[in-house]
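Residue numbers (the working numbering), protein chains in the order written: chain A, 2 to 317; chain B, -5 to 239.
We put the beta carbon where it would ideally sit given N, CA and C, even for glycine.
Put into structure tokens, the structure is as follows:
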């Protein structure tokens, strides 16, 4: 199963490089097509894979540390509050390198606000968390929209920030995102066994020797860093982190030593496919923001989870 | 083995206050905590585990609890909370193996950890369930799995919050006999007083956050239980009869 998944992923990467407004035959590519393939398509496909892996990994960690199967960067408000920080940093003319840092700062503020609102007497209420996340999304989106009107020239289109997309890709951004992904993955993988203990109630985890507050703080910062960097370069791409950890769990079990890597891999696979669809679905070469595809898939999956886990969600 | 001392322990949450002036529990003792709902039994357990902030001092082997790192605490005592759920599906075997976490080296469990887990599964009659998902089990089965996890921790002090909650009478008797025969200290709030009297050798009686009495078998009298529970108690020696006053 693991080998099969890897083969499917590699074949998908290759296929995604070949499809687009113009389909490219790799065995009979003209010099122009070769240039498109290596200068445009390849970095874009790799970029979508890295961003998908970042969102999948963050979703896996959010769902466990927040004890909520509906949690991901979008439903917790972390993505929209990160986008808000990025938008404000650009609008106020901060250096480009500081944009992800500003996104991380506001992303953490947003996530912690949602976390505090949903925790009562040491217990996180999943329904309150989703409601607080929805409110955070509304507030952040409205401020982003306001900023767009106010700083018309300096900001990218509102569609980019709210629906996401891979409109501008370069190797520098790709390498930075890959480095952040690698560091985050190694940090989480080193704590995989501890993270497993968080599947238990907090008292049990603590009595097993896990410093729950410290582990959760680390997880929040690192997972939100993944989201903040991703959002800074691609806008808000929702629901990837919601869907893939569940698929990984159903295929390979809940053990975080497996779930971290497979959530990242499946996140990469999902976003590569979604991006390929967004590049080909509209005839004539027009491009759809990739967030529309993931939101459609994620929304349906969200409803499925609500239906199957309604009882447990409602009672916490 | 570890000895537990409590000195001027105090805790307050809203209107509820808990205070215990002094308490010493020696290695190997089997201590039942008795008291009506809301008397502070579970809170006392959580305080002894360092899970809630409190005044006074709790010491294990003369070492203040506050100075013991969380990782080391897990080798001193284990805890079975009143309610245990898992957010995501794990098998029974995986959950029992979690109990070896304080002993795991690096980021994985050793073969010895896995062998000990198998023994715990066998001891608690859980081998037929080992591949089942924990979240699909009945309440009593989940309780036994969590108990196996706690025993798998091999800590010298075991805190069990109502260990027989949801258990049928056969498994209740099996587990109490198992606990009674172990060398570890067992400290457990228990609601069935006759069972407690049968299997425990010391009784802490709590009333409204106060330690009303700390007695052995011989001194667990109907009068004391009457005062603790506000019901009429008659009989004695594992045959108390309770009627509303």
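Would you please state the rounded distance, in angstroms, between the beta carbons of residue i and residue j? I believe it to be under 8 Å.
{"i": "residue 199 (chain A)", "j": "residue 227 (chain A)", "result": "With 8 Å as the limit, residue 199 (chain A) and residue 227 (chain A) do not qualify as a contact, their Cβ atoms being about 18 Å apart."}
{"i": "residue 178 (chain A)", "j": "residue 231 (chain A)", "result": "7 Å"}
{"i": "residue 203 (chain A)", "j": "residue 123 (chain A)", "result": "6 Å"}
{"i": "residue 71 (chain A)", "j": "residue 131 (chain A)", "result": "6 Å"}
{"i": "residue 89 (chain B)", "j": "residue 143 (chain B)", "result": "6 Å"}
{"i": "residue -2 (chain B)", "j": "residue 54 (chain B)", "result": "6 Å"}
{"i": "residue 150 (chain B)", "j": "residue 70 (chain B)", "result": "7 Å"}
{"i": "residue 101 (chain A)", "j": "residue 233 (chain A)", "result": "4 Å"}
If we count the other Cβ atoms within 10 Å of its Cβ and call it buried at 16 or more, is residue i buried or exposed?
{"i": "residue 1 (chain A)", "result": "This structure does not reach residue 1 (chain A), given that chain A is present from 2 up to 317, and the question cannot be answered."}
{"i": "residue 9 (chain B)", "result": "exposed"}
{"i": "residue 93 (chain A)", "result": "exposed"}
{"i": "residue 32 (chain B)", "result": "exposed"}
{"i": "residue 171 (chain B)", "result": "exposed"}
{"i": "residue 125 (chain B)", "result": "exposed"}
{"i": "residue 315 (chain A)", "result": "Because residue 315 (chain A) carries a pLDDT of 48, less than 50, the predicted location of this residue cannot be relied on, and the following value inherits that uncertainty. Result: exposed."}
{"i": "residue 20 (chain B)", "result": "exposed"}
{"i": "residue 177 (chain B)", "result": "exposed"}
{"i": "residue 92 (chain B)", "result": "buried"}
{"i": "residue 191 (chain B)", "result": "buried"}
{"i": "residue 2 (chain A)", "result": "exposed"}
{"i": "residue 126 (chain A)", "result": "buried"}
{"i": "residue 151 (chain A)", "result": "exposed"}
{"i": "residue 28 (chain A)", "result": "exposed"}
{"i": "residue 197 (chain A)", "result": "buried"}
{"i": "residue 276 (chain A)", "result": "buried"}
{"i": "residue 300 (chain A)", "result": "exposed"}
{"i": "residue 147 (chain A)", "result": "exposed"}
{"i": "residue 225 (chain A)", "result": "buried"}
{"i": "residue 247 (chain A)", "result": "buried"}
{"i": "residue 56 (chain B)", "result": "exposed"}
Given a cut-off of 8 Å, decide if residue j and residue i are closer than it, judged by their beta-carbon atoms.
{"i": "residue 77 (chain B)", "j": "residue 37 (chain B)", "result": "no"}
{"i": "residue 242 (chain A)", "j": "residue 59 (chain A)", "result": "yes"}
{"i": "residue 173 (chain B)", "j": "residue 180 (chain B)", "result": "yes"}
{"i": "residue 128 (chain B)", "j": "residue 65 (chain B)", "result": "no"}
{"i": "residue 108 (chain A)", "j": "residue 137 (chain A)", "result": "no"}
{"i": "residue 163 (chain A)", "j": "residue 237 (chain A)", "result": "yes"}
{"i": "residue 155 (chain B)", "j": "residue 39 (chain B)", "result": "yes"}
{"i": "residue 264 (chain A)", "j": "residue 74 (chain A)", "result": "no"}
{"i": "residue 162 (chain B)", "j": "residue 134 (chain B)", "result": "yes"}
{"i": "residue 98 (chain B)", "j": "residue 194 (chain A)", "result": "yes"}
{"i": "residue 185 (chain A)", "j": "residue 223 (chain A)", "result": "yes"}
{"i": "residue 129 (chain A)", "j": "residue 113 (chain A)", "result": "no"}
{"i": "residue 273 (chain A)", "j": "residue 24 (chain A)", "result": "no"}
{"i": "residue 77 (chain A)", "j": "residue 51 (chain A)", "result": "no"}
{"i": "residue 218 (chain B)", "j": "residue 199 (chain B)", "result": "yes"}
{"i": "residue 209 (chain A)", "j": "residue 197 (chain B)", "result": "no"}
{"i": "residue 11 (chain B)", "j": "residue 175 (chain B)", "result": "no"}
{"i": "residue 44 (chain A)", "j": "residue 175 (chain A)", "result": "yes"}
{"i": "residue 169 (chain B)", "j": "residue 28 (chain B)", "result": "no"}
{"i": "residue 240 (chain A)", "j": "residue 281 (chain A)", "result": "no"}
{"i": "residue 269 (chain A)", "j": "residue 10 (chain A)", "result": "yes"}
{"i": "residue 167 (chain B)", "j": "residue 157 (chain B)", "result": "no"}
{"i": "residue 52 (chain B)", "j": "residue 3 (chain B)", "result": "yes"}
{"i": "residue 201 (chain A)", "j": "residue 73 (chain B)", "result": "no"}
{"i": "residue 229 (chain A)", "j": "residue 90 (chain A)", "result": "no"}
{"i": "residue 267 (chain A)", "j": "residue 134 (chain A)", "result": "no"}
{"i": "residue 279 (chain A)", "j": "residue 271 (chain A)", "result": "no"}
With a threshold of 7 Å (Cβ to nearest heavy atom), would residue i be considered close to the ligand FAD?
{"i": "residue 287 (chain A)", "result": "Although the ligand FAD was asked about, the structure shown includes no ligands whatsoever."}
Residues of chain C with CB closer than 7 Å to the CB of residue i, please, in chain order.
{"i": "residue 150 (chain B)", "result": "Here chain C cannot be found, since the structure's protein chains are A and B."}
Relative to chain A, which residues along the segment 77 to 89 of chain B have a C-beta separation below 9 Å, given in chain order?
77, 78, 79, 80, 81, 82, 83, 84, 85, 88 and 89
Got a sec: which bits of the segment 223 to 252 of chain A sit with their beta carbon under 8 Å from any beta carbon on chain B, in order along the chain?
Residues are counted here when their Cβ sits less than 8 Å from a Cβ of chain B; for the segment 223 to 252 of chain A these are 250, given in chain order.
Ignoring anything shorter than 4 residues, give me the alpha helix (DSSP H) runs that lie fully in the segment 160 to 198 of chain A, in order along the chain.
Qualifying alpha helix (DSSP H) stretches, in chain order: 172 to 191 and 193 to 198.
Interface residues of the segment 178 to 202 of chain A facing chain B [CB-CB below 9 Å]
The residues in question are 190, 191, 192, 193, 194, 195, 197, 198, 199, 200, 201 and 202.
Interface residues of the segment 184 to 205 of chain B facing chain A [CB-CB below 8 Å]:
none
According to a CB-to-CB cut-off of less than 8 Å, which residues of the segment 203 to 217 of chain A neighbour chain B?
204, 205, 207, 208, 209, 210, 211 and 212
Using a Cβ-Cβ cutoff of 9 Å, what residues of the segment 253 to 287 of chain A are near chain B? List them in chain order.
Within the segment 253 to 287 of chain A, the residues whose Cβ lies closer than 9 Å to some Cβ of chain B are 254, 255, 256, 258 and 260, listed in chain order.
Just list the alpha helix (DSSP H) runs in the segment 54 to 110 of chain B, keeping only unbroken ones of 4 residues or longer that don't cross its boundaries, in chain order.
Qualifying alpha helix (DSSP H) stretches, in chain order: 64 to 70 and 86 to 92.
Taking a cut of 7 Å between CB atoms, which residues from the segment 118 to 132 of chain A lie near chain B?
So the list is empty, because no residue satisfies the distance condition.
Threshold first: 3 residues or longer. Then list the beta strand (DSSP E) segments lying entirely within the segment 126 to 187 of chain B, N to C.
151 to 154 and 179 to 183
4-residue-minimum alpha helix (DSSP H) runs that sit fully inside the segment 56 to 123 of chain A, ordered along the chain:
79 to 92 and 100 to 119
Any C-beta of chain A within less than 9 Å: which residues of the segment 58 to 74 of chain B qualify?
63, 64, 65, 66, 67, 68, 69, 71, 72, 73 and 74
What residues in the segment 103 to 122 of chain B have a beta carbon less than 9 Å from any beta carbon of chain A?
In summary, the residues of the segment 103 to 122 of chain B whose CB is separated from some CB of chain A by less than 9 Å are 103, in the order they occur in the chain.
Ignoring anything shorter than 3 residues or poking outside the segment 23 to 58 of chain A, list the beta strand (DSSP E) runs there in chain order.
none
Continuous alpha helix (DSSP H) assignments of at least 4 residues falling wholly in the segment 210 to 267 of chain A:
213 to 235 and 241 to 253
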